[in-house]
Every structure is written in structure tokens, then in C-alpha cells.
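Let me begin by presenting the structure, written as C-alpha cells, before commenting on it.
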Amino acid sequence: MSSLVYLGVASNRLWGRLPSDVGDTLPNLLDFNFCINQFTGTIPGSLHNLTNIKIIRMAHNLLEGTVPPGLGNLPFLEMYNIGFNRIVSSGDDGLAFITSLINSTRLSFLAIDGNLLEGVIPESIGSLSKELLKLYMGGNRIYGKIPKSIGRLRSLTLLNLSYNAVSGEIPVEIGQLEELQFLGLAGNQISGSIPNSIGNLQKLNQIDLSGNELEGEIPSTFGNFQRLLSMDLSNNRLNGSIPKEILSLGSLSTILNLSNNFLEGQLPQEVDRLENVVTIDLSNNRLSGDIPSSFENCKSLEKLLMANNMLSGPIPSTMGEVKGLEVLDLSSNQLSGSIPSDLQNLQALLSLNLTFNNLQGLIPTGGVFRNLSIVHLEEYGFGEKPSTAGDVYSFGVMLLEIFTGKSPTHESFDGEMNIVKWVEATFPDKVQQVLDHELQHINPEIPQDCLITIIGVGLSCTTHSPDCRVSIRDALRTLKSAKLSLLKQLSIQQNKYRS
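Numbering (the working numbering), first residue to last: 681 to 1179.
Structure representation (C-alpha cells):
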């Protein structure tokens, strides 16, 4: 065994502690691969004594403790992967072990993501191997600023620092990583504006800066991303208009997500260049003006979300040409006119939400409209902004959905039948017939009176006339009473079981 050079047991269901002396008993080991198992304990420090080892992989286990010393003894190390364990560190210098890897001049893959590592990214990170291609550090407790020295890692194709507590601004030097294909900084506390230099990353496939505190305008230099497949800048504080350059990125094929910002102005007609994108989410901004008729050229589009803006004018009839559209949400805008009959041609449509606009006229009855729940059109024709009655209606439908296990868009609802009418037909005497079988499996003895009370609240919330709907306060009071009654009866049942 002492002559063994490769030891791999990846992707099994092995458990137990890793032998602490594995590096001593296998001194010639070059490749150690224990990924995707259920090993516990700590990282064997003896592994760091194997001066010739090239690959150490222990990701996706249940390892605890800290990174043991000795990483500086591995000059031939090419891959070090301890991601998705429970490895810990604390204090500003909690990531000091990264400095030890400077001696590993052949290192091309470093993954420490998905752990409990605290600390500040050391300035020495820029002195890691010139051959480093992939750097995974996401999903930890890393804080402080991104060091400017990171721009010296010129061979990087992937940089993921997402879901930490990183703060400060994005360093301009990131624009020097011209080989980068994936940039992930999502879910941090990064502030300031997006540097124009990011536009230098012309090989990017994916960029995710969502969930930060970024301000200012989206750089027009993003138009340089001619290989970009997905862009997510959502949940920031970005303002200004959407650059035409972004809407001209024909390479986008998965998602363009700019939602939950402060973007304003009109949507450029250039949106028709996004002919390969599957999802466009522009909801919760301040966009105004007409919806471009050129959306008809977005032939791959499946989800178009533009709710909670200030869009006005009619819904373009050309929207009916987007044959693959599954979800269309234009709610809470200032749209006027009627619902185009062309939308009946959207045979793939699963969800249509036009609530809280200034639409008028008749709702189309043909095609896909036979299968759409009234919940998405309930306020249609009243020209109202979001109302308490509308919120109560949505709450009621949600309640019915939870207890019946059926979506409002279930295939069994066609013509005039919907989830509300379906439940009403059984209420109150046969209400057990519509109860979700999974709930019955969890507790087959749900008291009939409690069930009638809960379903009754759902129906009271979904009365056709908004003026006749129960208030949300009364609905919650009734549900609380039903909960107490249910707990009391279950407690009595449990006492019976014990006796």
C-alpha cells in the first residue's frame, strides 16, 4: 500500500473519520479523492506532508475543524477542493491559510466554498499561482473588501465570492481578468457603482451581481459581452435607463434579470435582439412608456416579468407571436385598452397576470384563456391599483391551494370552472372530497369542523364581489381560532393514545 499513488472513493455513501495518518502510511500518494461522501472528523494534517501530491479533493462531506497547517509544503499541488463541509475559521486572519498556497505554483483549482470560514481576503491572494483557473469562495462568512491584487490572477476563468458579507466597492482591477468566463459576487454587501472596466471581460458567459447595494447606472460597456449567456443584476439600487447595448446582446440565452432596482425610462425597441433569451425579469423598477412591439422577435422567450413599473399604453398584439411564452406578468402598471385577442394564440401559457392596470373591455374566452385562473384577472376592468380586497382574494386562493393541493392553473379547470367554484361545489358537507391526499396522510383524523372553518375562510376571501369579502383581520382571527381548536383536539387524542 505504501506505493499507492491514487486513492479515490468519490461519490459513494461512505462515512466515518478520515485516518489522521493517511499521509504517513501512503507517502507516495499523488491523488486523494474522497469527494461526495459522509466523512466526518477533521482534515488529516498528514496530507499536507505529502510534498509530491497533486490533487486533494474532500468536497461535499461533513468535515469539521480548521484547515491544518502545512499547505506551504505542497509545491506540486494542482487542485485543492474542500468545498461544502463545515470547515471553520475566525478573526480577520481566518483565511491566512490561502497565503500558504503561494508556494503551490501549479495550482489551477482552489475551492473552499460552502463552509463556515470567516475572515478578510488577504492581499496575498494576488500572488497565487499564475495558472489558477478557478477560485470558489462563495457561501462562507467572508467579510471586508475585495483586494485590488485579485486583478493579478490573469488566468482566472471563474471567480465566485457569492453569498458572503463582502463589502466595499468592486475593484477596478477586476477588469484585468480578461480570461474570466464566470463572475459571481451575488448576495454580499458590495456598494458603489459597477466599474466600467468590467466591460473588458469580453469572454464572460455569466455575471451575477445580484443582492448587493450597488448604485449608479449600468455601464454601457456591458455591451462588450458578446459571449454572455446570463446576466443577473437584480436586488440592487441601480438607476438610470437600461442601456441599449445590453438589449443588443443576442448571445443571452438563459436570463436577463434587472428586477428590484430603480431603473427608469422607456424600454428600447432593441429588445428584439434578445431572440435567444428564455427569461426576462424587469419587475419592480420605474420603467415607463409603451411596451415595445418588438418583443415578438424574442422567439425563445418563456417568462416575461414586468410587474410593478409605470408602463402605459396598450398591450401590443404582437405579444401573441411569442409562441413559447409560459409566464407573462404585467401586473401593477398603467396599461390601458383591452386584452389583445392575439394572446389566445399563446398555447404554452401557464400564468397570465394583468391585475391592477387600467384595462377595459371583454376578457377573451378562447384558446388558453379557458385554462387560466381568474385570480390573475380579478381586478381587470376596474382600473384599480392594488387594493385590500385584491390582496384578500389572493390570500383566499392561496389557502384553497394549500388545502386542496391543486394549483389554480390545474388542467382540470377549464371553461368556467376554477378552483373557487370547484371547492364551493363540495362545501360544506363533502369538503373532505377536495382535501389534499397528502394532508390526509399526515393526519387522517383532521376534525371536520376545523376543516370546514378553514375552507370557509378561503371561500369568504374569494367572493366574486370585492365588497362582500371578509377583511384580512377577520380571516386571520378565524384561522387562529381554528388552529387553537385543532391543537386542543390533537392534544386530547394524544392523551388517549398514552392511556
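Note that CB positions come from ideal geometry on N, CA and C, so glycine has one too.
The structure presented is a predicted model; accordingly, all values stated were derived computationally and were not measured.
Where does the unbroken alpha helix (DSSP H) through F719 begin, and where does it stop?
Not the alpha helix (DSSP H): F719 falls in the beta strand (DSSP E), residues 718-720.
Would you tell me roughly how many angstroms separate the C-alpha atoms of I767 and V747, rounded to the nearest one?
7 Å
Label M990 either buried or exposed according to how many other C-beta atoms from any shown protein chain fall within 10 Å of its C-beta, with 16 as the threshold for buried.
exposed
In this structure, what does DSSP give as the bridge partners for M911?
I887, L936
Quick test of your reading: G774 and E798, contact by CB under 8 Å. State the CB separation rounded to the nearest angstrom.
5 Å
Nearest to L765 by CA position, among P755, G752, Q718, D772, is which residue?
A quick correction: the sequence has Asn, not Leu, at residue 765. Of the candidates P755, G752, Q718, D772, the one whose C-alpha sits nearest the C-alpha of N765 is Q718.
For L796, which of N732, L947, G750, L743 has the nearest alpha-carbon?
Checked all of N732, L947, G750, L743; the closest Cα to L796 is L743.
Whose C-alpha, out of S1145, G750, L1159, is nearest the C-alpha of F777?
G750
Evaluate contact between the region 801-808 and the region 855-863, counting only Cβ atoms and requiring at least three cross-stretch pairs below 8 Å.
Result no; under three Cβ-Cβ pairs closer than 8 Å.
Taking only the alpha-carbon atoms, compute the straight-line gap between L1032 and Q949 and give it to the nearest angstrom.
So the alpha carbons of these two residues sit roughly 23 Å apart.
As a quick exercise: from I735, L927, T705, pick the residue whose alpha carbon is nearest that of F714.
I735
Using a Cβ-Cβ cut-off of 6 Å (strictly less than) and excluding sequence neighbours within five positions of M738, which residues of its own chain qualify?
F714, I762
Using 8 Å as the threshold, is the C-beta distance between Q869 and S890 below it?
no
Got a sec, what are the start and stop residues for the beta strand (DSSP E) E798 sits in?
796-800
Grouping DSSP H, G and I as helix and E and B as strand, with all else coil, what is Y686?
strand
I need the boundaries of the alpha helix (DSSP H) containing G1138, first residue and last residue.
1128-1141
Measuring alpha carbon to alpha carbon, tell me which residue in I1019, S1012, I926, T1143 is nearest M999.
I1019
If we call anything under 8 Å between Cβ atoms a contact, is L787 one with E758?
yes
Note the first and the last residue of the continuous alpha helix (DSSP H) segment covering V702.
702-705
What do you get for R1153, buried or exposed, if any count of 16 or more other CB atoms within 10 angstroms of its CB means buried?
exposed
Is the CB-CB distance between T837 and L865 below 8 Å?
Not closer than 8 Å, so no.
Can you tell me whether DSSP reads Y823 as helix, strand or coil?
strand
Leaving out five residues on either side along the sequence, give the residues of the same chain with a beta carbon under 6 Å from the beta carbon of I878.
G855
Suppose you measure from the CA of C1130 to the CA of Q1112; what does that come to, to the nearest Å?
If you take the alpha carbons of C1130 and Q1112, they lie about 11 Å apart.
Taking the continuous alpha helix (DSSP H) assigned at S780, which residues delimit it?
Run containing S780: 777-780, per the alpha helix (DSSP H) assignment.
At 3 residues or longer, and completely inside the region 804-875: list those beta strand (DSSP E) runs for me, N to C.
814-816, 821-824, 838-840, 862-864, 871-873
Tell me the DSSP secondary structure of S900 in three-state form.
helix
Terminal residues of the continuous alpha helix (DSSP H) containing K1101?
Residue range 1099-1104 is occupied by the alpha helix (DSSP H) that includes K1101.
Please say whether G993 and D970 have beta carbons closer to each other than 8 Å?
yes
CA-CA distance, H1117 and L1079?
Going by C-alpha positions, H1117 is about 16 Å away from L1079.
In this structure, how does DSSP classify T959 when only helix, strand and coil are distinguished?
strand
Tell me where the beta strand (DSSP E) around G725 begins and ends.
Careful: G725 lies outside any beta strand (DSSP E) and carries neither H nor E.
For L908 and C1141, what's the separation of their Cα atoms in angstroms?
46 Å
Using only the heavy atoms of the ligand SAM, determine whether one of them is closer than 7 Å to the beta carbon of I723.
As far as ligands go, the structure on display features none, and thus does not contain the ligand SAM.
Applying the 10 Å Cβ sphere with the 16-neighbour rule, what's the burial state of H728?
Burial call: buried.
Verify whether the separation of the beta carbon atoms of I826 and P851 is less than 8 Å.
yes
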